[in-house]
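Notes follow the structure.
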Amino acid sequence: MIKDFILPDIGEGVVECELVDWLVSEGDIVTEDQPIADVMTDKALVQIPAPHAGKITKLYYAKGEIAIVHQPLYAVEMDGDDNDSVIEAPVAAMTPVNDSAVNNNSNAVTATTSSQSNIEEFLLPDIGEGIVECELVDWLVEEGDIVVEDQPIADVMTDKALVQIPAMKAGKIVKLHYRKGQLAKVHSPLFAIEVEAEVNAPSAPVEVVEQAQAAAPQVNLEPVAQGKALASPAVRRMARVLDINIAMVVGTGKNGRVYKEDIERHQQGGHATQAAASTTAVSSTSHVSAQVVSSVNSDTVTNVTASDRVEPIKGVKAIMAKMMVESVSTIPHFTYCEEFDLTELVALRESMKQRYSTDEVKLTMMPFFMKAMSLAITEFPILNSQVNADCTELTYKSRHNIGMAVDSKVGLLVPNVKDVQSKSILDIAADITRLTTAARSGRVSPADLKDGTISISNIGALGGTVATPIINKPEVAIVALGKLQILPRFNAKGEVEARKIMQVSWSGDHRVIDGGTIARFCNLWKHYLEQPQEMLLAMR
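Taken in order, the sequence shown gives residues 118 to 657; the numbers are from the working numbering.
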């Protein structure tokens, strides 16, 4: 029996991942729990094991492709007479789908075939990072209503905001699966819609295109998307704003899915020549002009430089880019800098390092910074707060979950040490050692990346002194630590001494924190670090 292995949920809110590496090949015999593939989500590198023993018959993705959660990852031949055709996805096995739905497996729709129309289930998409359910606040349509593409269908409330769900296709609403006030599940059917069945294009234009390609074999023209393009509502909206026919955009995603980058490339003329060439082939049944060939070749020479290299931004880098743009565009940042004299703290740490450091615990300066910060937060809790999107509510977080930026091989990760307020310095050091090791290998767990309340960026490890860090939204503050330098300073007697100096740079959310507050908070934090004995006395 050959069965498809369905890619399971590999993290809260994760709907797709990059296939980093196959650890087996087609034809290999595998055992239960044997690692099959490494996949990269937007948060971590995850290893997928085999739930059953068998023979690998098909690998559905190539390295670097985007695999979709709840879709087949590979096929395995197993012993037994079980009639199930999938592994770990009984719902998918029982859901009848037409060829279009199978081929467009990245679309958030499950279709049932009829002679003139399809009834498709609209699956509630991801509406926020980490959100797995939401409240159905109001239906904006009723069963039997005719709707157009992008028409608002429902208002749903997440734990962060009110979100409006649009229709991905035009059609007739045949079923609303939830009542007002019920909790709707992400990736589950929200409503059913009857849409017209897609009609296959006439064969003649295709033949003309094939003739054109035969007449000019030296030109490799990419096919222009025909029929309804596979794209998200946000991408369709972007195309409409730019007055671009999305059906003419060549998608680079799986099964021709169109991304925002494809829209931008099309607008810049990256595929204009290809679209023109295909259009010419379809409209002119007599011949294909050799001028089109020379035009394509000349454009290729003009637009492509041998030394240029283009690579997609995906995985952790793509998520980080999105978060940073959102933070800068919605949070009014202000910067506050201060100088710390850490001579006494460095001496204390050096005296304790050999005694308390092990393979599991590295007694660095960071545990002292985190503990002192937690003590200062107790006096200035607004630094450990979070503001909602409309800036109408401020939530003071009881847990001090202090994040630290780690420069990992997969990009910038910010795991956080949970409950610093209730941990000893050695406990914090153990957590930091574990998180740093996991993050640098790209295998930090999603739980360690969630629920941070304030962040530290140690730019000094790379030699920097001063920075303007970007706040890790929805937090309200972040600090960058500069490198520790031995610099001359005057003592109380006016004598010059060599002191261990560090510059720190704060960024604060000016909607809720003013300069005076962050200055007083920083002064208390500085007091604990410059005089470690005071920090020890302040511990509870």
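Where is the CB? At the ideal position from N, CA and C, for every residue including glycine.
Between the Cα of residue i and the Cα atoms of the options, which residue gives the shortest distance?
i    : options                : result
R516 : N505, S491, T509, L279 : S491
R466 : E496, Q650, T148, E135 : Q650
T148 : E455, V265, I165       : I165
E456 : K526, T582, Y178       : T582
D138 : Y178, I123, P168       : Y178
E182 : P429, N235, G528       : P429
G580 : D267, M619, L654       : M619
E477 : H383, H169, T554       : T554
P563 : L530, A584, S574, G577 : L530
V621 : C251, G577, I270       : G577
Y453 : R657, V249, F638       : F638
M652 : V258, P484, G370, V312 : P484
N518 : G569, P532, D544       : G569
K180 : S624, V141, D425       : V141
P189 : E143, D121, G171, I146 : D121
V675 : L241, A556, K175, V193 : Nothing in the structure corresponds to residue 675, since the chain is present only between 118 and 657.
H187 : H304, I146, C251, I549 : H304
Within 10 angstroms of the Cβ of residue i, are there 16 or more other Cβ atoms? Answer buried if so, exposed if not.
i    : result
K610 : exposed
Y473 : exposed
A309 : buried
Y645 : buried
D126 : exposed
I603 : exposed
N505 : exposed
P269 : exposed
Determine the direct distance from the alpha carbon of residue j to that of residue i, and round the result to whole angstroms.
i    : j    : result
I448 : L359 : 27 Å
V442 : N589 : 11 Å
M355 : R374 : 15 Å
K434 : V561 : 15 Å
S468 : E461 : 11 Å
I173 : A493 : 57 Å
K377 : R353 : 9 Å
I380 : V273 : 29 Å
L253 : Y295 : 7 Å
I123 : W256 : 32 Å
A438 : M118 : 44 Å
V527 : P152 : 20 Å
D626 : L641 : 19 Å
V264 : C134 : 32 Å
N608 : L459 : 14 Å
K297 : A271 : 10 Å
E496 : L654 : 15 Å
H450 : G386 : 37 Å
T634 : R357 : 46 Å
I290 : K302 : 19 Å
E313 : F239 : 15 Å
A154 : I499 : 44 Å
Please classify residue i: does DSSP put it in a helix, a strand, or coil?
i    : result
L653 : helix
E647 : helix
N608 : coil
E194 : strand
H383 : helix
A209 : Only weak support is given to the placement of A209: the predicted model assigns it a pLDDT of 33, under 50, and the value that follows is read from those uncertain coordinates. Helix at A209.
Q471 : helix
T509 : coil
T275 : coil
N533 : strand
R616 : strand
Q538 : helix
N640 : helix
E461 : helix
I494 : helix
N501 : helix
V366 : coil
G632 : helix
Bridge partners for residue i per DSSP, in chain order?
i    : result
C134 : A184
A156 : The sequence shown places Val at residue 156, not Ala. Paired residues: L136, V163.
I571 : I519
V596 : I573, W623
I173 : V193
P242 : Partner(s): none; P242 has no beta bridge.
S525 : G528
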